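Take any residue in the sequence shown, count from 1 to its spot, add 2: that is its number in my numbering.
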Amino acid sequence: WLATLRNDPGLWRDVVPISFHVDYWDGLGWPDRFARREFSDRQHAYAAVWGSGSVYTPGFVLNGAEWREWGTRAWSTPSGTGGGDLRITRRSSTEWELAFRAAGIRPGQARVALLGFDLPSEVRRGENAGRHLLHNFVALSCGSAALKPGADGTWRALVAVPDKPSAGAVAAWVEAAGSPVPVQAVGGWLSRTTAPVTPTR
C-alpha cells in the first residue's frame with residue numbers, strides 16, 4: 003500500500019510517508035532487519051496518547067491520530083493538526099538543519115529520517131513465511147534534536163543522522179512540546195550528486 007504513494011501527486015507536498023518497523027515480532031523466528039526497539043517504543047508512546055494499552059501491526063498514524071481506515075479511504079481525508087513553515091537543508095552527509103516558524107506553536111523535537119525503497123525481505127517464519135516482500139519508505143537512519151528559538155521567531159535545530167548510501171529520500175518533522183504528535187512535516191527525494199539538498203516543502 004505504501005508503494006502506491008510513490009507516484010501520488012501529493013507526495014512530499016501533502017503527505018510524508020514513513021514506515022517504522024517494530025521489533026516485537028522478532029521472537030517468531032524471523033527477525034526484521036529494519037526493526038528497531040526505538041520504533042516499537044514510538045508506537046507505544048502513541049498508544050499512551052490515545053489511552054490504549056496495546057499496539058498492533060500494521061498500525062497507521064495520520065496527523066498524530068490512529069488511522070484504521072487506511073485500506074478503504076484516501077489518506078487526505080482527515081484534516082491536519084498543525085501548521086507553519088518547515089524547511090530542511092542538508093549541511094553535510096550526516097547533518098541536517100531544520101528551520102520552523104509558526105505563530106502560536108511551541109515545538110519540541112526536530113526529527114529527521116533517511117528512507118529506503120524497494121528493499122527486499124525473504125520471510126522464513128511466521129504468518130508471512132515463504133513470501134518475498136519489498137518495503138518502501140522504510141526508516142533506515144534517524145536523528146533528533148531540540149529546537150531552539152531565535153531572535154527572528156524561527157526555531158532551529160541541527161540534527162545528526164548517520165548516512166545511509168542506500169537511502170532514496172529524507173523526511174523531517176517537528177513534534178509538539180512533550181508529545182510525539184507532529185505539527186508539521188517535510189520530505190523529498192535525495193540526490194547523491196549535488197549538495198546541499200533542500201527537499202520540496
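Every residue, glycine too, gets a C-beta built ideally from N, C-alpha and C.
In this text, all values refer to a predicted model and were calculated from it rather than measured experimentally.
Requested in this report: Report the rounded CA-to-CA distance for Ser94 versus Ala162, giving the unit in angstroms.
Outcome: In a straight line, the C-alpha of Ser94 is about 9 Å away from that of Ala162.
Query - Exposure of Ala5, with buried meaning 16 or more beta-carbon neighbours within 10 Å - result: Classification of Ala5: exposed, given that the 10 Å Cβ count is below 16.
Query raised in the report: By how many angstroms is the C-alpha of Leu160 removed from the C-alpha of Arg92?
Result: Looking at the two C-alpha atoms, the distance is approximately 10 Å.
Query raised in the report: Among Gly86, Glu97, Pro19, which one has its Cα closest to the Cα of His137?
Result: Taking each of Gly86, Glu97, Pro19 in turn and checking the Cα distance to His137, the smallest one comes out for Pro19.
Query raised in the report: Quick one: what does DSSP say Ala43 is sitting in, helix, strand or coil?
Result: The identity of residue 43 in the sequence shown is Asp, whereas the question assumes Ala. Correct three-state label for Asp43: helix.
**Report entry** Unbroken beta strand (DSSP E) run spanning Phe102, endpoints
**Finding:** Where Phe102 is concerned, the enclosing beta strand (DSSP E) stretches over 97-103.
Requested in this report: Assign Asp87 to one of three DSSP states: helix, strand, or coil.
Outcome: Strand.
Query - Distance between Gly110 and Thr96 (C-alpha atoms, nearest Å) - result: About 21 Å.
**Report entry** Integer-rounded CB distance, given that Ala174 should sit under 8 Å from Pro112
**Finding:** In the sequence on display, residue 112 carries Ala and not Pro. The distance from the Cβ of Ala112 to that of Ala174 is about 7 Å, consistent with a contact at the 8 Å cut-off.
**Report entry** Cβ neighbours of Thr156 in the same chain (closer than 8 Å, five flanking residues each side left out)
**Finding:** These residues qualify, in order along the chain: Ala101, Phe102, Arg103.
**Report entry** Cα-Cα separation between Ser54 and Glu68, rounded to whole angstroms
**Finding:** Inter-residue distance for Ser54 and Glu68 is about 10 Å (C-alpha atoms, whole angstroms).
Report task. Ignore the nearest five residues each way along the sequence and tell me which others in Val51's own chain have a CB closer than 8 Å to its CB. Result -> Closer than 8 Å at the Cβ level, and outside the excluded window around Val51, lie Gly66, Ser181, Pro182, Val183.
Query raised in the report: Which stretch, first to last residue, makes up the beta strand (DSSP E) that contains Ala162?
Result: 157-162 is the extent of the beta strand (DSSP E) around Ala162.
Query raised in the report: Just the Cα atoms here: how many angstroms apart are Val188 and Arg89?
Result: A straight line joining the alpha-carbon of Val188 with that of Arg89 spans about 7 Å.
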